[in-house]
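K.L.:
Mind having a look at this structure? Questions to follow.
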Amino acid sequence: MRASQAITLNAYNPTNQPALRPPVEPAQYTSLAFGKTLTDAGVLEVELPAYQVTKGFLAQAKLIGDRRQVRKPKLLARCRDMLDLTPASYVFLYDPDAVRIVPALAVLANGGEPRNLHAWSVMEFFFEHFACFLG
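Quick note on numbering that gives the first Met the number 0: the sequence shown kicks off at 0 and runs consecutively.
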């Protein structure tokens with residue numbers, strides 16, 4: 000979900016429990032945090048009678064491949080910008096075979112080269128994120 004897109008998750012709700020929704024309007028996120036960095040945000044807010052949690056992360060998407068060059072100075076700058084806001088910052092690597100996710104801090108420590116780092120699959124990332132270890 001791009002921070003500038005308004006997405007409401009009001010699915011079928013037979014129990015009349017509060018629905019999942021972004022904690023702030025996406026436009027506020029865009030103007031407050033991201034400016035011109037073209038960074039995406041993932042936000043989940045759960046409000047139940049006995050439990051409330053808001054989780055989020057920042058993401059920078061990069062198209063990669065064997066022959067595709069990574070613009071390291073630009074990626075390093077984006078990672079620094081995200082990490083200035085939150086340690087829950089990640090780079091989503093898209094290639095023809097899969098999407099892999101690496102922490103922005105690891106990309107920064109590796110000089111802007113994301114390909115040889117340990118990466119999560121999309122399923123692993125969201126499992127860890129929703130299990131409260133990330134974000």
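Backbone N, C-alpha and C define an ideal beta-carbon position, used for all residues, glycine too.
Remember, predicted model here, so these are calculated numbers, not experimental data.
Report, in whole angstroms, the separation of the C-beta atoms of Lys73 and Pro113, which I expect to be a contact under 8 angstroms.
P.N.:
Indexing the sequence shown from 1 puts residue 73 at position 74. Indexing the sequence shown from 1 puts residue 113 at position 114. The pair is not a contact, with the Cβ atoms about 12 angstroms apart (cut-off 8 angstroms).
K.L.:
Beta-carbon separation of Ile100 and Phe124 under 8 angstroms?
P.N.:
Here residue 100 refers to the residue found at position 101 of the sequence shown. Here residue 124 refers to the residue found at position 125 of the sequence shown. For Ile100 and Phe124, yes; Cβs fall inside 8 angstroms.
K.L.:
For Asn115, which residues in the same chain have their Cβ closer than 8 angstroms to its Cβ, ignoring the five residues on either side in sequence?
P.N.:
Counting from one through the sequence shown, the residue named residue 115 turns up at place 116. Contacts found: Asn109.
K.L.:
Taking Pro102 as the reference, give the member of Tyr50, Met81, Val69 and Pro95 with the closest Cα.
P.N.:
Here residue 102 corresponds to residue number 103 of the sequence shown, with the count starting at 1. Cα-wise, what sits closest to Pro102 is Met81.
K.L.:
Determine, using beta carbons only, whether Phe91 and Ala40 come nearer to each other than 8 angstroms.
P.N.:
Locating residue 91 in the sequence shown gives position 92, where the first residue counts as 1. Locating residue 40 in the sequence shown gives position 41, where the first residue counts as 1. No, these two residues do not count as a Cβ contact at 8 angstroms.
K.L.:
Considering only the beta carbon of each residue, do Phe56 and Tyr93 sit closer than 8 angstroms?
P.N.:
By 1-based counting over the sequence shown, the position of residue 56 is 57. By 1-based counting over the sequence shown, the position of residue 93 is 94. It is not a contact, given that the beta carbons lie outside the stated cut-off.
K.L.:
In the structure shown, what three-state DSSP assignment does Glu46 receive?
P.N.:
Position 47 of the sequence shown holds residue 46. It is a strand residue.
K.L.:
So the beta strand (DSSP E) Pro72 belongs to, where does it begin and stop?
P.N.:
On the sequence shown, residue 72 is found 73 positions in, with the first residue counted as 1. That residue, Pro72, is in no beta strand (DSSP E); its alpha helix (DSSP H) goes Lys71 to Leu84.
K.L.:
Would Arg70 be called buried (16 or more neighbouring beta carbons within 10 Å of its own) or exposed?
P.N.:
As a position in the sequence shown, residue 70 is number 71, starting the count at 1. Exposed: under 16 other Cβ atoms inside 10 Å.
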